[in-house]
Every structure is written in structure tokens, then in C-alpha cells.
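Asks:
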Amino acid sequence: MIVDSRMMLGFVLLLTSDKYWTHMKLRIILITLLAITCQTFAQPIKVNRFDDADEFLPKAEQRNKNKIRLFLRQQDEETLFKVTSPRNVTIDVISNVPANAEYGVIFLLGGTSVLSIVNERLDRSFSFQPRSRDYWWKNKFATFLVDAPSDRLDKNGIGDTLWRTGKDHQADLQAVVLEIEKRFKMPLVIHGHSNGAISNANIAQLKNPSVKAFIYSGSAFMGRGADILSRVEHTTPVLIIHHRSDRCSVSPSNGVANFVERLIAPEKVTLWVEGGVDAMSGDCGPFAPHSFIGREEATINSAAEQIKQWLHK
């Protein structure tokens with residue numbers, strides 16, 4: 004191939020010209036800015052939400068002879084805010100801060116932890132913590148109800164308790180706690196129920212100074228990943244709440260003494276619950292002694308009293 008010498012000379016002059024290199028620098032800067040912008044505004048990872056209310060509630064309503072409250076929709080004074088985790092997922096938090104709130108409680112749910120949220124409002128979440136959160140308000144507690152992360156809103160949610168012991172979950176929970184600290188300046192308590200006990204232990208490892216106590220209720224101390232419960236060194240008091248008739252396979256009441264003995268904390272108190280109504284779900288379900296059905300208000304009043312005693316020392 005014959006190359007015209009004038010063309011070659013022109014190309015060499017272009018490469019050596021200030022104008023060419025100025026243009027190239029601008030292109031590099033623009034490409035870099037575009038990459039940063041795309042990363043900054045990348046959409047959080049999200050899957051479709053699975054709402055199991057239609058699966059559980061009809062059967063429970065048929066068996067609900069005592070007219071026990073089965074769920075509590077979002078109240079007018081509650082708000083929903085979203086927390087973005089470092090791993091590019093969001094976590095919904097349903098919050099209420101009463102005017103007289105002196106303390107705050109963060110709820111880490113059991114089961115799959117996927118809340119029933121419709122049109123950005125809490126709908127028919129029926130597990131122990133969501134259906135009874137208003138009893139905390141009467142005890143001067145703000146409440147923060149934590150949803151599953153946006154990449155785990157399917158039917159399985161975060162039912163995998165081994166996943167709950169990991170760094171991804173810890174990063175999500177830490178992001179939630181830090182955001183709540185910005186919004187609420189009073190002492191915090193973290194309450195994990197059933198599978199949420201594993202989550203509780205995971206975040207306890209970070210020893211957030213604003214967290215003054217932990218509550219473990221119906222703890223899944225015989226599930227996968229439960230060894231984390233005896234590894235974590237709590238630096239604050241721990242309240243253990245359990246129903247004497249709990250027959251759930253991962254939290255049988257006859258195993259509580261051993262569970263409590265293995266917990267590492269400067270102070271431990273066990274609150275035993277008795278009574279309630281006949282179960283309207285399986286042993287590990289939301290409407291069984293495992294979740295204090297029929298004893299919600301009394302249980303929360305006793306828990307709030309113990310927490311206040313610790314915080315007022």
C-alpha cells in the first residue's frame with residue numbers, strides 16, 4: 004500500500020499539536036465524569052415483593068374466636084423512609100417517634116422479614132413485632148420496623164439464617180442504625196424475634212454506642228448459624244423473652260436455659276411469658292405461643308419496664 008507522504012506528515016503534525024492533546028484530555032475527563040455519574044445514579048438492586056398476608060391471614064381469621072388483633076396497618080403518625088446500604092440495596096423502615104418518646108426500639112423480624120407494604124405504606128404485616136408496635140408507643144418508645152433488603156423481597160426473603168450471620172446483612176443493618184441515629188437522638192434498643200435473633204447478634208458485634216440494650220424473643224437458638232449467639236460479646240444488657248409453651252423446632256422452651264447460659268453479656272434477664280390464646284398457626288408461626296399470641300401487650304409492658312430500669316441506672 005502506498006502512503007502519501009503529505010498525509011503522513013499531516014497525521015504527525017496532528018499528534019504533536021496542542022489542540023489534539025487538549026481534545027484528548029477533554030474526552031478522557033468527560034468519559035471519567037460519565038462513569039462516575041452512572042455509578043452515582045445507578046438504580047438500587049430490587050426484586051418484586053412477595054406479600055404472604057393472603058396465605059396466612061384467611062385461615063387465622065377463621066380460627067380467631069377470641070378476636071385477637073392479627074395485624075396493624077400503618078398509622079397516620081407513622082412514616083416510611085428508605086435506607087441505602089453500601090451494597091446498593093435499599094431497606095424500608097416504618098417509623099413513629101411520639102412527641103414524648105424517651106427511647107427507641109428497632110425491630111428485626113423473624114421468618115423471611117419481608118413486610119407487607121402496598122403503595123409505600125405498611126399493610127397487613129401480621130408477625131409479633133409489627134402487629135403490636137403501638138404498645139411500645141404507650142411506654143414512651145419510638146419504633147423502627149425494618150424490612151428485608153430490596154434484593155431479598157421474594158418469597159424466601161432473609162429466611163436463610165446463615166445469610167443473616169454474614170457481612171452483607173451486617174452492612175445493611177449498620178446502614179439502618181446509622182440512619183436512625185441521625186433521625187432520633189435518644190437511646191436505642193434492638194429487638195430481634197425468632198430468626199431476627201441471629202440478625203440481632205450480627206449487629207451486636209459492631210457495638211454501636213447509641214445501642215444501650217438488646218432484646219431476644221422467641222430466639223431461633225437451634226437454627227442454622229445459631230452459633231453466632233454464643234460467640235458475640237454483648238457490651239450492653241440483654242433481655243431474653245420466651246413463652247413457656249413455645250414448641251417451635253428452633254426455639255423450644257426447654258432449651259432456653261442453655262441458650263441464656265451461653266450468651267455473653269454484662270447483665271442478662273429472662274422474662275418468661277405464660278398464657279394467651281390457642282394457637283392459630285403452626286408452632287413456629289405468627290399466631291402461636293412462639294409469637295406470644297394473646298399476650299402481646301403484657302409482654303411488651305414488662306419488657307419496656309425492664310429496659311427503662313437499665314437505662315435509668
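Quick note: the sequence shown uses my numbering, first residue 4, plus one each step. Glycine is no exception: its CB is placed at the ideal position from the N, C-alpha and C atoms.
Cutting at 6 Å between CB atoms, please list the residues of its own chain near Val180, excluding the five before and the five after it.
Replies: Along the sequence shown, read from residue 1 onward, the residue named residue 180 stands at position 177. Cβ neighbours of Val180 beyond the five flanking positions: Asn211.
Asks: Extract the residue ranges of the alpha helix (DSSP H) inside the segment 159-195, only unbroken runs of 4 or more that lie entirely within it.
Replies: Listed in chain order, they are 170-186.
Asks: Taking His245 as the reference, give the member of Arg66, Pro292 and Phe84 with the closest Cα.
Replies: Numbered from its first residue, the sequence shown carries residue 245 at position 242. Of the listed residues, the one whose Cα sits closest to His245 is Pro292.
Asks: When the Cβ atoms of the segment 180-190 are set against those of the segment 213-222, are three or more pairs found closer than 8 Å?
Replies: Contact between the segment 180-190 and the segment 213-222 is present, because at least three Cβ pairs lie under 8 Å.
Asks: Do Pro47 and Ser153 have their C-beta atoms within less than 8 Å of each other?
Replies: Residue numbering aside, residue 47 sits at position 44 when the sequence shown is read from its first letter. Residue numbering aside, residue 153 sits at position 150 when the sequence shown is read from its first letter. For Pro47 and Ser153, yes; Cβs fall inside 8 Å.
Asks: May I ask you to report which of helix, strand or coil DSSP gives Gly114?
Replies: In the sequence shown, counting from the first residue as 1, residue 114 sits at position 111. Reduced to three states, the DSSP call for Gly114 is coil.
Asks: Just how far apart, CA to CA, sit Glu81 and Ile97?
Replies: On the sequence shown, position 78 is the one that residue 81 refers to. On the sequence shown, position 94 is the one that residue 97 refers to. The alpha-carbon atoms of Glu81 and Ile97 are separated by roughly 7 Å.
Asks: Note down, one range per segment and in chain order, each beta strand (DSSP E) of at least 3 residues found wholly within the segment 41-116.
Replies: For the segment 41-116, whole beta strand (DSSP E) runs of length 3 or above, ordered along the chain, are 82-87, 93-99 and 106-111.
Asks: In the DSSP output, what is Phe144 paired with across the bridge?
Replies: Along the sequence shown, one-based indexing puts residue 144 at 141. Phe144 is bridged to Tyr106.
Asks: For Ala174, I'd like the list of residues in its chain whose CB is within less than 8 Å of its CB, leaving aside the five on either flank, ordered along the chain.
Replies: If you number the sequence shown from 1, residue 174 lands on position 171. Excluding residues within five positions, the ones whose Cβ falls inside 8 Å are Ser88, Pro89 and Arg90.
Asks: Restricting to Cα atoms, I'd like to know which of Gly285, Asn69 and Asp54 is closest to Lys158.
Replies: Residue numbering aside, residue 158 sits at position 155 when the sequence shown is read from its first letter. Answer by Cα proximity: Asp54.
Asks: Identify whether His293 lies in helix, strand or coil by the three-state DSSP scheme.
Replies: On the sequence shown, position 290 is the one that residue 293 refers to. The answer is helix: DSSP assigns His293 an H, G or I state.
Asks: What are the boundary residues of the alpha helix (DSSP H) that Lys311 is part of?
Replies: Counting from 1 along the sequence shown, the entry for residue 311 is found at position 308. Segment Glu299 to Leu314, the alpha helix (DSSP H) holding Lys311.
Asks: Per the contact definition of three or more C-beta pairs closer than 8 Å, is the segment 49-63 in contact with the segment 116-128?
Replies: Short answer: they touch.
Asks: Between which two residues does the alpha helix (DSSP H) containing Ala204 stretch?
Replies: By 1-based counting over the sequence shown, the position of residue 204 is 201. Start and end: Gly199 to Ala207.
Asks: Specify the secondary structure class of Asp150 as computed by DSSP and reduced to three states.
Replies: For the purposes of this step, residue 150 is taken as residue 147 along the sequence shown, with counting starting at 1. Strand.
Asks: Who does Tyr138 pair with in a DSSP beta bridge?
Replies: On the sequence shown, residue 138 is found 135 positions in, with the first residue counted as 1. Per DSSP, none; premise fails for Tyr138.
Asks: Suppose you measure from the CA of Trp166 to the CA of His172; what does that come to, to the nearest Å?
Replies: Residue 166 sits at position 163 when you count from the first residue of the sequence shown. Residue 172 sits at position 169 when you count from the first residue of the sequence shown. One C-alpha to the other measures close to 7 Å.
Asks: Please report the distance separating the alpha-carbon of Asn69 from that of Cys251.
Replies: Residue 69 sits at position 66 when you count from the first residue of the sequence shown. Residue 251 sits at position 248 when you count from the first residue of the sequence shown. Computed Cα separation, rounded: 22 Å.
Asks: Is Leu274 helix, strand or coil when you go by DSSP?
Replies: Counting from one through the sequence shown, the residue named residue 274 turns up at place 271. If DSSP states are grouped into helix, strand and coil, Leu274 belongs with the strands.
Asks: The alpha helix (DSSP H) that contains Ser233, what's its start and end?
Replies: Residue 233 sits at position 230 when you count from the first residue of the sequence shown. It spans Ile231 to Arg234 - the alpha helix (DSSP H) in which Ser233 sits, taken as one unbroken run.
Asks: Between which residues of its own chain and Val235 is the CB-CB distance below 7 Å, once the five residues before and five after are set aside?
Replies: Position 232 of the sequence shown, counting from 1, holds the residue named residue 235. Once the five neighbours on either side are set aside, the close Cβ partners of Val235 are Ala204, Ala207, Gln208 and Ile267.
Asks: Please state whether the Cβ-Cβ distance between Arg134 and Leu75 is less than 8 Å.
Replies: Working through the sequence shown from its first residue, we reach residue 134 at position 131. Working through the sequence shown from its first residue, we reach residue 75 at position 72. Yes, the Cβ-Cβ distance between Arg134 and Leu75 is below 8 Å.
Asks: Tell me, to the nearest whole angstrom, how far the beta carbon of Phe144 is from that of Val108; I am working on the premise that it is less than 8 Å.
Replies: Here the question's residue 144 lines up with position 141 in the sequence shown. Here the question's residue 108 lines up with position 105 in the sequence shown. Indeed, because the Cβ distance is near 5 Å, the residues count as touching under 8 Å.
Asks: Hey, would you say Gln309 sits closer than 8 Å to Leu242, going by beta carbons?
Replies: Stepping through the sequence shown from its first residue, residue 309 is reached at position 306. Stepping through the sequence shown from its first residue, residue 242 is reached at position 239. Cβ distance < 8 Å, so Gln309 and Leu242 count as in contact.
Asks: Measure from the alpha carbon of Phe110 to the alpha carbon of each residue in Glu123, Ile193 and Thr93, then state which is nearest.
Replies: What you label residue 110 is simply residue 107 of the sequence shown in a count that begins at 1. Nearest of Glu123, Ile193 and Thr93 to Phe110, Cα basis: Ile193.
Asks: Would Tyr138 and Glu277 be called neighbours here (beta carbons separated by less than 8 Å)?
Replies: Counted from its first residue, the sequence shown places residue 138 at position 135. Counted from its first residue, the sequence shown places residue 277 at position 274. Taking 8 Å as the Cβ cut-off, Tyr138 and Glu277 do not qualify as a contacting pair.
Asks: Which one of Thr93, Gly285, Val253 and Arg247 has the shortest CA to CA distance from Asp230?
Replies: Locating residue 230 in the sequence shown gives position 227, counting from the first residue. Comparing Cα positions, the closest option is Val253.
Asks: Can you tell me the Cα-Cα spacing of Arg155 and Lys49, whole angstroms?
Replies: Against the sequence shown, residue 155 aligns to sequence position 152. Against the sequence shown, residue 49 aligns to sequence position 46. Taking the straight line from one Cα to the other gives about 8 Å.
Asks: Quick check on this structure: which residue in His315, Cys287 and Ser119 has the alpha carbon closest to the alpha carbon of Ser220?
Replies: What you label residue 220 is simply residue 217 of the sequence shown in a count that begins at 1. Ser220 has its Cα closest to that of Cys287, out of His315, Cys287 and Ser119.
Asks: Among Asn67, Gln65 and Asn99, which has the Cα closest to the Cα of Asp79?
Replies: Here residue 79 corresponds to residue number 76 of the sequence shown, with the count starting at 1. Ranking the options by Cα distance to Asp79, first place goes to Asn99.
Asks: Please work out which residues of its chain come closer than 6 Å, Cβ to Cβ, to Thr43, disregarding the five sequence neighbours upstream and downstream, and give them in chain order.
Replies: Indexing the sequence shown from 1 puts residue 43 at position 40. Summary for Thr43: the model assigns pLDDT 48, below 50, so the residue's position carries little reliability; its value from the coordinates is reported in the next sentence. Hits under 6 Å: none found.
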